[in-house]
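Q:
In our numbering, the protein residues as written are 39 to 460.
1. Based on DSSP bridge pairs, tell me the residues matched to residue 461.
2. Give the straight-line distance between the Cα atoms of residue 52 and residue 135, rounded to the nearest whole angstrom.
3. Between the Cα of residue 251 and those of 271, 270, 226, 258, spot the shortest distance and give me the residue it belongs to.
4. Among the candidates 401, 346, 423, 95, whose CA atom is the shortest distance from the CA of residue 414?
5. Return helix, strand or coil for residue 297, following the three-state DSSP convention.
6. Counting along the chain, where does the alpha helix (DSSP H) carrying residue 219 start and finish?
7. Touch check for the region 399-414 and the region 295-312: three-plus C-beta pairs under 8 Å?
8. Below 6 Å CB to CB, which residues in the same chain sit around residue 68 once its five sequence neighbours on both sides are set aside?
9. Pull up the distance between the alpha-carbon of residue 428 and that of residue 182, whole angstroms please.
10. Pick from 180, 63, 126: whose alpha carbon is nearest that of residue 402?
11. Can you tell me which of 233, 320, 408, 221 puts its alpha carbon nearest to the alpha carbon of residue 371?
12. Is there contact here, the region 416-435 with the region 381-388, by at least three beta-carbon pairs under 8 Å?
13. Quick one: using the 10 Å Cβ neighbour count with 16 as the cut-off for buried, is residue 360 buried or exposed?
14. Restricting to runs no shorter than 3 residues, where is the beta strand (DSSP E) found entirely within the region 74-129?
15. Which first and last residues belong to the alpha helix (DSSP H) in which residue 347 is found?
16. What is the DSSP secondary structure of residue 52, reduced to helix, strand or coil?
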């Protein structure tokens with residue numbers, strides 16, 4: 039009797055919250071077959087949730103947005119458009135939560151969400167241990183990534199020039215764009231922080247003939263990148279180093295860091311820019327490709343935990359541009375020269391990864407991937423796609439340099455060598 043009463047209470051709380059939705063439509067079909075429609079009358083987005091187990095209500099009410107995700111992981115609800123469902127909640131976050139700065143819905147009823155925050159805080163161990171948590175995952179499942187990242191094996195957003203361009207070409211376009219922003223030449227010494235499987239380093243060496251030091255903290259990626267460099271015929275140009283970039287010395291003309299800031303937490307930002315300051319040559323250039331959250335949401339995200347932080351990259355925090363600028367200004371003399379938004383390309387990258395992931399499900403299951411593991415990663419891909427599609431998160435390429443860098447030439451204006459009016 040008590041269980042039935044609590045189930046009814048949880049269901050009513052869920053329905054009460056969903057009634058606040060204003061954008062797009064969400065159909066909620068309950069175990070008995072009845073359904074409710076929520077949202078506005080517009081056709082901005084349509085999504086549907088089919089509840090298979092009434093534990094859905096309890097998990098969601100008690101644990102908020104993470105509870106909604108965990109309910110999906112445990113197969114308590116289903117949908118034919120998971121990206122659309124998550125996008126609906128992103129679009130209606132301010133209506134559902136009652137606070138415009140909140141990214142997630144249902145936090146008002148997130149009664150036991152503090153448990154997730156405590157677990158998250160307990161993972162605030164040493165940086166080395168935190169990185170190991172992430173890279174151990176990559177080490178074990180490198181073959182898993184091969185199923186859906188594509189031939190480039192680039193674990194970062196591509197750069198699409200058209201909506202029909204292939205993922206492989208778009209990843210090469212991303213690397214080329216970064217090289218152009220760095221004004222890369224054969225005379226440069228380039229540092230690639232967090233080289234993944236070496237795609238960018240190999241591309242830069244082959245295309246521009248520069249020397250490169252590529253770092254990684256993944257033993258598996260280190261070994262495979264070394265092999266890839268040899269196969270590409272650029273072992274004379276690319277040195278793969280298994281170490282934390284904070285332990286590097288020397289000077290580099292150019293530095294690239296492609297979506298490795300995702301491993302950073304708030305306290306890591308100042309040390310990052312301080313180290314860059316010591317490694318970058320006086321006339322050097324730094325380019326970052328990274329995911330950003332809106333400036334006004336950063337305090338809330340910093341003090342809470344979401345699905346990605348709990349299940350994919352523990353004890354990390356998506357930075358905001360304002361927070362990055364603050365950290366940069368406090369630790370050196372670097373200035374932001376250019377910031378290009380490539381969020382639509384990030385959304386498309388996620389969509390293509392999701393499609394490839396779905397197609398490879400039978401192969402991954404045969405390799406021993408559990409249903410729970412696969413549902414977790416599918417939810418992650420859809421979550422990121424929805425975040426980019428609704429611009430709840432953005433992806434940018436940011437270029438930094440110091441003042442008085444005269445290597446940044448432009449055909450529009452050149453410093454005159456002679457101002458004699460005669």
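No residue lacks a Cβ here, since even glycine has one placed at the ideal position from N, Cα and C. Note that the structure is a prediction, hence the values are computed from the model and not measured.
A: So, to answer that:
1. Residue 461 is absent from the model: the chain starts at 39 and stops at 460.
2. Reading the chain shown from its first residue, position 14 is the one you call residue 52. Reading the chain shown from its first residue, position 97 is the one you call residue 135. So the two alpha carbons sit approximately 12 Å from each other.
3. The residue labelled residue 251 in the question sits at position 213 within the chain shown. Residue 226 is the option with its Cα nearest to residue 251.
4. Here residue 414 corresponds to residue number 376 of the chain shown, with the count starting at 1. Looking at the Cα atoms, 346 is the closest of the given residues.
5. Sequence index remark: in the chain shown, residue 297 carries index 259 (1-based). If DSSP states are grouped into helix, strand and coil, residue 297 belongs with coil.
6. For the purposes of this step, residue 219 is taken as the residue at position 181 of the chain shown. Residue 219 -> alpha helix (DSSP H) spans 205-219.
7. no
8. Position 30 of the chain shown, counted from the first residue, corresponds to residue 68. The beta carbon of residue 68 is closer than 6 Å to those of 89 in its chain, skipping five residues each way along the sequence.
9. Walking along the chain shown from the start, residue 428 turns up at place 390. Walking along the chain shown from the start, residue 182 turns up at place 144. Cα to Cα, residue 428 sits roughly 28 Å from residue 182.
10. As a first step, residue 402 is located in the chain shown; it is residue number 364 there, counting from the start. Checking every option, the nearest Cα to that of residue 402 belongs to 180.
11. As a working mapping, residue 371 is identified with position 333 in the chain shown. Ranking 233, 320, 408, 221 by Cα distance to residue 371 puts 320 first.
12. yes
13. Translated into positions along the chain shown, residue 360 becomes position 322. So residue 360 counts as exposed.
14. 84-89
15. Within the chain shown, residue 347 is the residue found at index 309, counting from 1. First-last of the alpha helix (DSSP H) with residue 347: 345-349.
16. Translated into the one-based positions of the chain shown, residue 52 becomes position 14. Residue state for residue 52 is assigned as helix, using DSSP reduced to three classes.
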